[in-house]
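Undergrad:
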Amino acid sequence: MGDYDFGYVARPPILIADAVAASAAFPGLIGPLVLDTSAFSWLGFDGAGQLTVPVKPWLSKLHLWDGGMYDNLGVESLFVTTHPRVRSG
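Note that our numbering has the sequence shown beginning at 10, numbered continuously upward.
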């Protein structure tokens, strides 16, 4: 799990049921899946394209919703962040 900017976790111990619940989340009814980033070993890619470089996440917790929250409901503009690594638009 992960992305190119934040880092990746190889074989995270996340239950399929938790992933399905996060995917079914709807604002006001089911909240986001909250992950404590310190509970995982995060990696980045080295110069040869191998996932071997340890990285430290720049957030202590991740609040995960289904992609439809972002894409279909247009809620990006509701979230204001001052962290330089978070991009908008």
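Every residue, glycine too, gets a C-beta built ideally from N, C-alpha and C.
1. Using beta-carbon positions only, say whether LEU60 and TYR17 come within less than 7 Å of one another.
2. Does the region 51–68 come close enough to the region 22–31 that 3 or more CB-CB pairs lie under 8 Å?
3. Could you please give the first and the last residue of the uninterrupted alpha helix (DSSP H) stretch that includes ASP27?
4. Ignore the nearest five residues each way along the sequence and tell me which others in PHE54's own chain have a CB closer than 7 Å to its CB.
5. How far does the beta strand (DSSP E) with ASP45 in it reach, from first residue to last?
6. Using a 10 Å radius around the Cβ and a threshold of 16 neighbouring Cβ atoms, would you call LEU24 buried or exposed?
7. If the criterion is Cβ atoms closer than 7 Å, does the pair MET10 and PRO22 meet it?
TA: From the atom records:
1. Taking 7 Å as the Cβ cut-off, LEU60 and TYR17 qualify as a contacting pair.
2. no
3. 25–32
4. LEU60, VAL62
5. 42–45
6. exposed
7. Going by C-beta atoms, MET10 is not nearer than 7 Å to PRO22.
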